[in-house]
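In my numbering, the protein residues as written are -13 to 84.
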């Protein structure tokens, strides 16, 4: 995939990419996740984060991003999986607004 393809969301593409990021609840995780989108000029359509577990040590971040095609969604998911303290990244696609 070209660098250009990984930086652009297509507002005319109706699908919404959904990412569920599961990580250790460490202070640097959220800014590193957001940076992955920001450095490509992308603003997520939706962002929700919550801690859980008996000692609040687990962090779940749910991100929705409109206009990402499959190859770009897969590329971003692979990048998310490389972030320190990220344990799993699940993806899905919906045609509903993000």
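Ideal Cβ positions, reconstructed from N, Cα and C, are used throughout, including at glycine. Here the structure is a predicted model, which means the values were calculated and not measured.
For residue i, the three-state DSSP class (helix, strand or coil)
{"i": "residue 45", "result": "strand"}
{"i": "residue 64", "result": "helix"}
{"i": "residue -10", "result": "At residue -10 the pLDDT is 43, less than 50, meaning the model places this residue with poor confidence and gives no usable figure here."}
{"i": "residue 34", "result": "strand"}
Counterpart residues of residue i in DSSP-defined beta bridges
{"i": "residue 10", "result": "44"}
{"i": "residue 51", "result": "3"}
{"i": "residue 74", "result": "8"}
{"i": "residue 79", "result": "3"}
Option nearest residue i by Cα separation, candidates the options
{"i": "residue 40", "options": "10, 81 and 29", "result": "10"}
{"i": "residue 34", "options": "49, 42 and 22", "result": "49"}
{"i": "residue 15", "options": "73, 64, 57 and 32", "result": "73"}
{"i": "residue 53", "options": "13, 69 and 27", "result": "27"}
{"i": "residue 69", "options": "3, 23, 38 and 0", "result": "23"}
{"i": "residue 38", "options": "62, 81, 79 and 12", "result": "12"}
{"i": "residue 106", "options": "51, 19, 43 and 79", "result": "There is no way to answer for residue 106, as the model of the chain reaches only from -13 to 84."}
Whole-number beta carbon distance between residue j and residue i, since they are thought to touch under 8 Å
{"i": "residue 66", "j": "residue 6", "result": "Not confirmed; about 10 Å, so no contact."}
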